[in-house]
Amino acid sequence: MYLDLNNTLLHLICKITKASGTNIEDDAKVVPIDYLIATMFNQVDINLGNRLVTQTGLFYKDAEAHFEDTALDGANAGFTKRPSFAAGSRQFDLLGCIHSDLFFQDKFLINGIDLQIKLNRNKDSFCLISSDAEQ
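In structure tokens, the structure reads:
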């Protein structure tokens with residue numbers, strides 16, 4: 000038995016809430032950033048046999064709070080479509096690959112190796128876009 004890391008996918012069930020943990024309103028002007036499954040995590044640590052073998056993230060400077068257009072009636076088409084995914088704190092699914100060098104190689108991981116993956120989340124201010132400063 001081998002692990003095929005190149006064909007491994009991460010499945011997340013997500014829900015956007017207020018900072019207090021309560022549900023957002025149906026008409027809340029809060030949307031997830033584009034390609035959320037890749038931008039949700041700022042670092043991925045992978046341990047094989049209790050040894051850290053790869054650490055992604057921390058290497059690219061972020062142009063903080065730089066978005067094209069955050070007006071819901073603006074030209075940003077994705078921003079106008081994505082609110083329906085999470086309106087009223089509705090759950091939504093994300094499916095995608097784990098962005099780490101170990102997962103992009105065409106080699107199998109042999110059986111019996113202890114694999115641990117730690118996903119460190121980005122700040123909400125990076126993952127969510129809102130035209131309302133209160134949200």
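Residue numbers are given in numbering that gives the first Met the number 0: position 23 of the sequence shown equals residue 22, and the series is strictly consecutive. A virtual CB, placed ideally from N, CA and C, is assigned to each residue, including glycine.
- Look at the region 98 to 130 and you find these whole runs of beta strand (DSSP E), each 3 residues long or longer: 114 to 120, 127 to 129.
- The way I'd put it, the region 40 to 48 doesn't touch the region 11 to 31; fewer than three beta-carbon pairs between them come closer than 8 Å.
- With a cut-off of 8 Å on Cβ pairs, the region 104 to 112 is not in contact with the region 26 to 35, counting fewer than three such pairs.
- Using a Cβ distance threshold of 8 Å, L8 and G95 count as a contacting pair.
- The shortest C-alpha to C-alpha distance from D100 to any of V52, I112, L2 is the one to V52.
- Distances from the alpha-carbon of I112 to those of R50, L35, T21 put R50 closest.
- Assignment of G95 by DSSP, reduced to helix, strand and coil, places it in the strand class.
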